[in-house]
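Colleague:
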Amino acid sequence: MRAVLSGIVLAFILHTTFAIVYAPKIILPNSDSVWTVGHKELVQWNSTGIPKGTPGMIMIGYLNPGDINEHLNWTVAKGFDLYESHQSIVVPKDLNPGDNYIIVLFGDSGNASPTFTIKADYTRKRRDDRRRVKKSVA
Ligand SMILES: *[C@@H]1O[C@H](CO)[C@@H](O)[C@H](O)[C@H]1NC(C)=O
Ligand SMILES: *[C@@H]1O[C@H](CO)[C@@H](O)[C@H](O)[C@H]1NC(C)=O
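Heads up: the sequence shown is residues -19 to -1, 1 to 119, going by mature numbering (1 follows the signal peptide of the UniProt record, and there is no 0).
1. Could you check if His20 belongs to the surroundings of ligand 2, using beta carbon to heavy atom distance under 7 angstroms?
2. Looking at the structure shown, is Tyr103 part of a helix, part of a strand, or coil, going by DSSP?
3. Check whether the Cβ atoms of Val57 and Ile99 lie closer than 8 angstroms to each other.
4. Ile83 and Val24: beta carbons closer than 8 angstroms?
5. For my contact list, Tyr64 and Pro36 are in at a C-beta cut-off of 8 angstroms; report their separation, rounded to the angstrom.
6. Give the C-beta separation of residue 125 and Val18 to the nearest angstrom, bearing in mind that I take them to be a contact with Cβ-Cβ under 8 angstroms.
Rendered as structure tokens:
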């Protein structure tokens, strides 16, 4: 009796554990990705086996050598459906260009991307510089 009971309890624990944990595999960004500050960028993942209506969250962080802290300082999307295999986000403007950025995609559990690059928006900078030159000429 006890064995049957503990079997049922174990089955229940296994069922609930496996039923709620989704850590979708990130496809984009990958290690070749280059995102631009202030631009709209695409996050894509493998949604195979994820039921409709599973809420997700995306955070941007960065890694420093010899430090396990992921510095997940920027939440860029929240409450979207993980069943859809992609979500566009806007790269926050208060983020310094660097090649050590990651995103973490959360379902009930998190999965990190490889590190990738975020660069400054040079077109915007050039435009601002031109404006500045014009102003100083006038
Ligand atoms: C997504 O994951 C499933 C199951 O692990 C796998 O069969 C499939 O090939 C993957 N698809 C992509 C695009 O990676
Ligand atoms: C990220 O957050 C940590 C902890 O709050 C802080 O020490 C760090 O300066 C932040 N980094 C940036 C780039 O905002």
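Ideal placement from N, C-alpha and C gives every residue a C-beta, glycine not left out.
Modeller: Walking through what the data contain:
1. no
2. helix
3. no
4. no
5. Wrong, their Cβ atoms sit about 10 angstroms apart, outside the cutoff.
6. Here the chain covers residues -19 to 119 and nothing more, so residue 125 does not appear.
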